[in-house]
Structure formats: structure tokens, C-alpha cells
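Colleague:
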Amino acid sequence: MKLKGSCHCGSVKFTVSSSHPYPYNYCYCSICRKTAGGGGFAINIEGEAATLDISGNEYVSVYQARIADAESGRGKQSPGKRHFCSECGSALWVWDPRWPELVHPFASAIDSELPVPPERTHLMLEYKANWVPLQLGRHDKCFDRYPDESIASWHERTGLTDSSG
Ligand SMILES: [Zn+2]
Ligand SMILES: [Zn+2]
-18 MKLKGSCHCG SVKFTVSSSH PYPYNYCYCS ICRKTAGGGG FAINIEGEAA
32 TLDISGNEYV SVYQARIADA ESGRGKQSPG KRHFCSECGS ALWVWDPRWP
82 ELVHPFASAI DSELPVPPER THLMLEYKAN WVPLQLGRHD KCFDRYPDES
132 IASWHERTGL TDSSG
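Just so we're aligned: the sequence shown equals residues -18 to 146 in the numbering used here.
Following this line, the structure appears as C-alpha cells:
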């Protein structure tokens, strides 16, 4: 399906095609939580990077987090490029050069009606803030760090891949 998204002030608008639009992937890591997840987590969905069409690109800024490295004790820059509106601060999408064909918009930036997932994945729970309640559905899966399946595999397993383009 084609997804339409925007920042809050409207300076940035975008469209992207997605075969994997279900907002089931809740990330509680400190970066998502601080930059995009006021409720304690952010929800990443997936689109095809080649189809990303941006209006207001001049308002888009990029943040690359520094992640503390346990061994060296030094900060290491995350390759993930977190795009946000420089006017209003809305988190928009993440693009990572390790998976250049994909783009991960935040569900919070999408204006199109998204389908409701039958189950959810909660990841990076090791970094969850204590005040955030973990609200689990019957079939939800939990992971301390990364989940055991990609966003594409989740859609394949649940039979929810969208092939309408
Ligand atoms: Zn904005
Ligand atoms: Zn995260």
C-alpha cells in the first residue's frame, strides 16, 4: 500500500510504498524512546526506499546517535540516520546504509489509515524505562534486544504481506 506521512507543522510531507505496513514493532531503546516515543517506545514500519518521495526536503534534518560501546567505554556513531523536521521536531523515518533498499518510517508520522496488527513484538526491553507499563496482548512476543524475525518475515508468517503496491 502507499503510505502518506507528514511532520506536525506540515513543512515535510512524504509518500512511500510499503508491502509491510503493520505497526506491530514496538522499540523501547533509549534512542527511540527519547527521539520518537513519548509513551516509552516508538513504532517502526517498513517501506521501499526507492519509492520515498519527499516534499519539503529542505526542512529535513538527520540525527545519528552515539551509542556507548561496553568494551571500549567510548561512544560509537550509529549508522542509522534518523530523519526529523527541523521546524517542529517530529520524528519521520530512519534510513540505514546497511539496508539501503529499506526505509523505516515511524508510525506516528503516517497519516494514512494503518492496519491493526493481530499481535505485537516488543523489542529492546532491556532498555525500557521503569515507569513504562508493558501492555501485552495474548500473542505478543518480547525480546531483551533484537527480535528473532525481520519486519518482512513477520508479515510473511502472519500472511499479511500487502501486494497491492
Ligand atoms: Zn515540521
Ligand atoms: Zn529503538
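The beta-carbon is built from N, C-alpha and C at its ideal position, and this holds for glycine as well.
Could you tell me which of P4, S144, S93 and S(-1) sits nearest to P99, measuring between CA atoms?
Modeller: Of P4, S144, S93 and S(-1), the residue nearest in Cα terms is P4.
Colleague: If you measure from the CB of C123, is any heavy atom of ligand 2 nearer than 8 Å?
Modeller: No - ligand 2 has no heavy atom lying nearer than 8 Å to the Cβ of C123.
Colleague: What residues does ligand 1 have around it, judged by CB closer than 6 Å to any heavy atom, in chain order?
Modeller: The answer, residue by residue, is C(-12), H(-11), C(-10), S(-8), V(-7), C66, E68, C69 and S71.
Colleague: With DSSP collapsed to three states, give me the class of A49.
Modeller: A49 falls in the strand class under three-state DSSP.
Colleague: Taking DSSP as the reference, what is the three-state secondary structure of R63?
Modeller: Correct three-state label for R63: strand.
Colleague: If you count every other CB in all the chains shown that lies within 10 Å of the CB of P81, and 16 or more means buried, which is it?
Modeller: Under this definition P81 is an exposed residue.
Colleague: For A72, I'd like the list of residues in its chain whose CB is within less than 6 Å of its CB, leaving aside the five on either flank, ordered along the chain.
Modeller: Counting only Cβ-Cβ distances below 6 Å, and skipping sequence neighbours, we find T16, A17, F65 and F87.
Colleague: Are K(-18) and S59 touching if we call contact CB-CB under 9 Å?
Modeller: Reading off the sequence shown, one finds Met at residue -18, where the question assumed Lys. Their beta carbons are not under 9 Å apart, which means M(-18) does not touch S59 by this criterion.
Colleague: Using a strict less-than 5 Å threshold between each residue's beta carbon and the heavy atoms of ligand 2, what residues do you get?
Modeller: Any residue whose Cβ sits closer than 5 Å to a heavy atom of ligand 2 makes the list: C8, C10 and C13.
Colleague: State the CB to CB distance for the pair V84 and N25, rounded to an integer number of angstroms; the pair is presumed to be in contact (CB under 8 Å).
Modeller: Not confirmed; about 10 Å, so no contact.
Colleague: Determine the direct distance from the alpha carbon of I35 to that of Q45, and round the result to whole angstroms.
Modeller: Rounded to whole angstroms, Q45 to I35 spans 20 Å at the Cα level.
Colleague: E137 lies in the alpha helix (DSSP H); which residues open and close that run?
Modeller: Where E137 is concerned, the enclosing alpha helix (DSSP H) stretches over I132 to R138.
Colleague: Can you find at least 3 beta carbon pairs, one from the region 121 to 128 and one from the region 100 to 108, that sit closer than 8 Å?
Modeller: The region 121 to 128, when compared against the region 100 to 108, does touch it at the 8 Å Cβ threshold.
Colleague: Please name the residue in Y9, G28 and E27 whose C-alpha comes closest to that of G19.
Modeller: Among Y9, G28 and E27, the Cα nearest to that of G19 is on Y9.
Colleague: Let me check understanding here. Comparing Cα to Cα, which of I91, L33 and R14 lies closest to H(-11)?
Modeller: Measuring from the Cα of H(-11), the nearest candidate turns out to be I91.
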